[in-house]
Structure formats: structure tokens, C-alpha cells
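Q: Counted the way this note's numbering counts, the sequence shown spans residues 50 to 615.
This is the structure I have questions about; it appears just below.
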Amino acid sequence: MRMGKMRSIGTKMNFLFLAAFLLLGAVLTYAANIEMTKGMKNTIIHKVQSDLQMSYAYIDEKYPGDWSVQNGELWKGKTKMSGNFGAVDEVGKLTGDTVTLFLADTRVATNVMVNGKRAVGTQVSAQVAQKVLQEQQTFIGEAKVVNKPYQTAYRPIQDGSNKVIGIWYVGVSQESINSAVLSFLTVFCAVLGAVILLTLVAVLLFTRRMKQRIQRIVSALQAAGNGDFTVHVQDDTEDEIGMIARGYEQMQQNLQHLVRNVSDMAEQVAASSEQLTASAEQTAEASLHVAEAAQGFAQGAETQGQLILQRAAAVSQMKERVADIATSTHIVSEVTSGTTLQAEQGEQLVEETVHQMSSIHDSVSITDEAIRQLHDRSQEIGNILSVMQGISEQTNLLALNASIEAARAGEHGKGFAVVAEEVRKLAEQSQAAASEIAQLIGTTREDASKSVAAMREVSDNVAAGLRISRQAAEKFRSILQGMQDLVPRIQDISAVARHMSAEAQETAGGMQEIAKMSAQATASVQQVAAATEEQSASMEEVKMLADKLEAGAQSLQDVTSSFRIS
């Protein structure tokens, strides 16, 4: 099984430590071998160099006299050194080295053994012969002795005339060095293996404890990934795992707070959506009533305008008759009876006109109050939208904080990051819907304001028409009273006739003004009806957007309900 596929971090760490310790042991063993071999060689070199000087001085003292060659044999003073194995064995015992006497380049006395026999008669290596015999210098270093590597020291043997006649040698076999190094490495590896074993046991115990601590955190994170934030991790240590545990606890508290806030806000948005839907329905219903009232008022105003035109024509006819009375006083008695009857009819018509204008004034007042209520209701809806926009902004901000905390959680926070992204999208949709509703409400408020202004103008015009109609009624009463008094006051008929002519002319002008005002009122009411229909359509759109907002809030509640926080 490859290490990358191991599920347990403790197993990975154990394998990692084992590989590291094995590599470290191999490196240390290799380095110890090199350094030990190098150190042993340096030590042996110094030893053989020292042994060379000491043994040569020892031979020189024990066997006094000059070195010489006699009859092809090596002599020291009066002592024959060729074949003198006692001398080389004695030096060998003192130094622990191999010792050899050369006559020229040939061994004549040595404790070096070949196949169980002394290597007498063998030659020194060409490298040594060149250095010692030819160059007459001491040779220190590794050299072949009977075809085996030795750490050696050679010095020339000179006779009384300083002629080089032989070589004095001491050395140590490389096999003895290798044996010493091998012995050291055996002990070193045993100690190193024991240390590595004890360290691995300690590491195993440590990783087992660490694995248990990490497993608690992993279990809590897995539960959190499934929406369960009720699992707690208690770890009071000050190391990185303890910091991770405390970070998880902090994240858990923050996410619990976030989920609670999102859930509460979703409930608030749902409640606000329901309230907005109800307000939109009420406003639409009120708009329909206003439109119906405005249509009825427009029809009544149109009929009233026709009646006013008829009354104006009647007043014009009356003015002509009064003129005839002024010029034809001799037929006053006959005309007086007819005029009295017409005056009574005129008074009745004017009274009807006054009554109709009062009705128009009342209708205009009702319409004006309804539009004012529509304007106020639009203001209330605007306030609700402001609250919704604030909630959407807060929801968007909380979604952003949740994304940041999920990003900090790394791989384990991806699930919650998706939830936070959905929350943010819902918040943006809510904010966009609220903005659209705010625009529709703004348009509705502008239309309502225009309608209020138009209805105020209509109300003023109707009030003026009502005032003029009442004045006309009073005039007709005066005419009727005058006509009733005409018989006993026949002598004043001309003055009364002129007065009636002037009053009739004034009344005709007033009736024309009333006709114009009635036409204007009709046009204004039609504008109010059109604006009210637009307002009703806008309220339908508001209701649709409110339904979407309520559905989004319900979806948000469904998402947050999947989390366990207590």
C-alpha cells in the first residue's frame, strides 16, 4: 500500500519516522564508517611513523655499530642482521607492528608471514623502492606488502659512508584496521538500533495520542459537514492541534450564531412578505373602488354638464323674454303669468343643479380621501421595503462572513460554503425584488400625488360651481318673488324688467362658467380613473414580487432548518 493512500495520519507519520530513522541510521553508519576508517588510518600512520623512529633507535642502541653489507648479508656492527628474526620479533612485540629488514629491496629478516612462513626473499614494492632507495627519503602511507594493503613506514638504511644499503620497515595490516572498524560499527549499529527502536516506540505512543486528538476533531468536522453543530471538541493543550480544536470551537460558535441569525431573518422576511402581500391586495382593492367611483363620477359630471348647457339655453331665452317685457309693457299682465311659471321652473332646475353639484362635490371629496389613503398606504409599503432592503443587506453580509469562515475551515468547510453561497444568492434576489418593488411604489406614489393634486383642483372647481349654482338659485328666488309681486306693482314693471335682464345676463355667464368647470372636472376624473387603473396594475406586480420574496424566504428557512445548533 502506497503511503499517499493511507487513511490514518498516525500510520503516515509512523512510516515517515521509520523511513527517516532508517535513512538517518544508514547515513550515520556510512559517515561513521568513513570517519572511523579515516581516523584509524591517520592514527595508524602516526603510530607507524612513531614506531619507525622508536624501533630504529632501539635497534641502533641494542646493536651498536654501523650498518654494512658483508658477503651479501646485512650486518649491524658485529651482529649479523640477515636472518636475525629475534630482533624483528622483539620489535614486533614492543610495537605490535609487522617489522622487516631489507637488504637493498629484498627482505632478509621479517615477521610478515606468507602461507605460515616468513616472507624472506620477497621484494619491496616498486613504489617504495623508488621513494626510499632511489630518492633516499622516508615513505609514509599505504603500500602493498606481499600483495596485501598495509599502512607502512619505510626509511633508508645507510652504511658508514651514507650509502643506502637497505630499508627498515614497520607497518600495520589493513585487515586489522578493517577489523577494528567493523567491531566499532557493530557496536555503533547496535547502539543506534536500540536508540532508533526506543525512539520509534516513543513516536508510536506520541502519534497514537495525536491520532486520538485529531480523530475527535475529524468527528466534529464530519458532524458539522452534515449540519450538526452540537459536537464539541475539548483540548486544552497549547500545541497546533489544541489551536485547531479551539479554532473549531470558535468556528462552531460563529456558525451557530450565523445560522440562528439567518433563520430569524428568514422568518422576518417571510412575515414582511406576508404583510406586503396583504397590503398590496388591500391597495389593489382600494384602487379598484377608486376607479369605479371615478368612472361613476365622470359619467355624472358629463350628465351634469349637459344639464348645465340646457339651463344656460333656458336662461338665454329668459333674457330675451325679459327684454320683450321691457319693450312691451302693455302685455305685462299676460307675460307675467307665463314668466312666473317659467321662473318657478327655473328655480326648480337651479335647485336641482345645486343638488347635483353638491353630489359632485361629495364624490370628489370621497375620491380625494381614497387617493390620499392610497398615497399613505404607498408610503407604508415604502417603509416596509426599506426594512426588507436592510434585512437583505444584513443577510448578504452574514453570507459573506460565512463564506470567509468556510474558506478558513478549508476542505471541511466546503459544504457550508455552498450553503453560504445559496444564502447570499437568496439575499441578492430579495434585495433585487425589494428594489423593483421600491421602484413600482415610487411610481405609484408619484401617480397618487398627481391624482391628489388633480382631485384638489376638481374639488376647488366643483366648490366654485356649487357656490355659483347657489347664487343662481338665490337669483331665481328673487325673480320668482318679483314676479309674484309684479301684479300689485305693475307701475314698476319696466325697472324690474331691466333689473331682470341684467340678472339674467349675469346668470347666463355664470352658467357658461359652470359648464366649463364641469367639463374640466370630467376630464380630471377620467385622468384619476386612468391613474387608478395603473395603480391597480402596479399593486398586482407588487403582490407577485411579494409572493416571490415569500417563496425565497421559505426556501431559506428550509435550508437553515437542516442545521442542528442546539
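Every residue, glycine too, gets a C-beta built ideally from N, C-alpha and C.
Give the straight-line distance between the Cα atoms of Val-252 and Cys-238, rounded to the nearest whole angstrom.
A: 20 angstroms
Q: Per DSSP, Ala-551 forms a beta bridge with which residues?
A: Bridge partners of Ala-551: none, in fact.
Q: Buried or exposed, going by whether 16 or more other CB atoms sit within 10 Å of the CB of Gln-428?
A: When all chains shown are included, Gln-428 counts as exposed.
Q: In the DSSP assignment, find the beta strand (DSSP E) that holds Ser-117 and state where it starts and stops.
A: 116-119
Q: Can you round the beta-carbon distance between Val-169 and Ala-192 to whole angstroms, since I take them to be within the 8 angstroms contact cut?
A: Actually they are not in contact, since the Cβ atoms of Val-169 and Ala-192 sit about 19 angstroms apart, beyond 8 angstroms.
Q: Throw me the rounded Cβ distance for the Ser-452 and Val-318 pair, which I believe falls under 8 angstroms.
A: Contact flag wrong, Cβ pair sits at about 20 angstroms.
Q: Is Val-219 near Ser-104, with beta carbons less than 7 angstroms apart?
A: Contact annotation: Val-219 and Ser-104 have beta-carbon atoms nearer than 7 angstroms.
Q: Could you name the residues of the same chain whose beta carbon sits closer than 8 angstroms to that of Met-52, not counting the 5 residues immediately before and after it, in chain order?
A: Below a pLDDT of 50, predicted positions are generally treated as unreliable, and Met-52, at 49, falls in that range; no measurement from the model is reported.
Q: Taking the alpha carbon of Ala-551 as the reference point, which residue from Lys-524, His-404, Glu-599 has its own alpha carbon closest?
A: Lys-524
Q: Less than 7 angstroms separating the beta-carbons of Pro-205 and Gln-179?
A: no
Q: Let me know the secondary structure DSSP gives Thr-256 once reduced to three states.
A: helix
Q: Taking the Cβ atom as the reference point for each residue, do Asn-133 and Ala-158 lie within a distance shorter than 7 angstroms?
A: yes
Q: Which word fits Gly-215, buried or exposed, when buried means at least 16 other C-beta atoms lie within 10 angstroms of its C-beta?
A: buried
Q: Three or more C-beta pairs closer than 8 angstroms, one from the segment 265-279 and one from the segment 84-104: is that the case here?
A: Under the three-pair Cβ rule at 8 angstroms, the segment 265-279 does not count as touching the segment 84-104.
Q: Which residues in the same chain as Met-50 place their Cβ atom closer than 7 angstroms to its Cβ, once the five residues preceding and following it in sequence are excluded?
A: Model confidence at Met-50 stands at a pLDDT of 46, short of 50, so the residue's coordinates are unreliable; what they give is reported in the following sentence. Within the same chain, Met-50 has no close Cβ partners at all.
Q: Looking only at its chain, what residues have a beta carbon closer than 7 angstroms to the beta carbon of Lys-127, apart from the 5 residues adjacent to it on each side?
A: Gly-114
Q: Just tell me which of Glu-599, Lys-597, Glu-589, Gly-601 has its CA closest to the CA of Gln-331.
A: Glu-589
Q: Using 8 angstroms for Cβ pairs, my map puts Val-221 next to Ile-108. What's the rounded Cβ distance?
A: Contact flag wrong, Cβ pair sits at about 19 angstroms.
Q: Could you tell me whether the Cβ atoms of Gln-200 and Val-97 are closer together than 7 angstroms?
A: Closer than 7 angstroms, so yes.
Q: The beta strand (DSSP E) that contains Val-148, what's its start and end?
A: 147-152 is the extent of the beta strand (DSSP E) around Val-148.
Q: Where Gly-291 and Gln-261 are concerned, what is the direct C-alpha to C-alpha distance, given to the nearest angstrom?
A: 12 angstroms
Q: Between Gly-74 and Leu-241, how many whole angstroms is the CB-CB distance? I'm expecting something under 8 angstroms.
A: The Cβ separation is near 5 angstroms, so the contact holds.
Q: Can you tell me whether Asn-275 is buried or exposed? The criterion is at least 16 other CB atoms within 10 Å of its CB, across all chains shown.
A: exposed
Q: Does the beta-carbon distance from Ala-315 to Leu-598 come in below 7 angstroms?
A: no
Q: Please state the DSSP three-state secondary structure of Ala-168.
A: coil
Q: Would Glu-454 pass as a contact of Asn-303 if the rule is Cβ separation under 7 angstroms?
A: yes
Q: Do Glu-582 and Asp-496 have their beta-carbon atoms positioned less than 7 angstroms apart in this structure?
A: No. Outside cutoff.
Q: Is it right to say Ile-226 is buried, meaning 16 or more other beta carbons lie within 10 angstroms of its own, or is it exposed?
A: buried
Q: Are the beta-carbon atoms belonging to Ser-312 and Met-437 less than 7 angstroms from one another?
A: Their beta carbons are not under 7 angstroms apart, which means Ser-312 does not touch Met-437 by this criterion.
Q: I'd like the span of the beta strand (DSSP E) that includes Glu-287, first residue to last.
A: Segment: none, Glu-287 is in no beta strand (DSSP E) and carries neither H nor E.
Q: Taking just the CA atoms, how far does Leu-182 sit from Val-161?
A: 21 angstroms
Q: From the DSSP output, in three-state form, read off Asp-425 for me.
A: Note: Asp-425 maps to helix in three-state DSSP.
Q: So Leu-123 and Leu-101 are in contact, right, with Cβ under 8 angstroms, and what is the actual spacing, rounded?
A: So it is not a contact: roughly 18 angstroms between Cβ atoms.
Q: What residues match up with Leu-605 in a beta bridge as DSSP calls it?
A: The partner list for Leu-605 (beta bridge, DSSP) is empty, contrary to what the question assumes.
Q: According to DSSP, which residues form a beta bridge with Tyr-199?
A: Answer is Ala-192, Ser-222.
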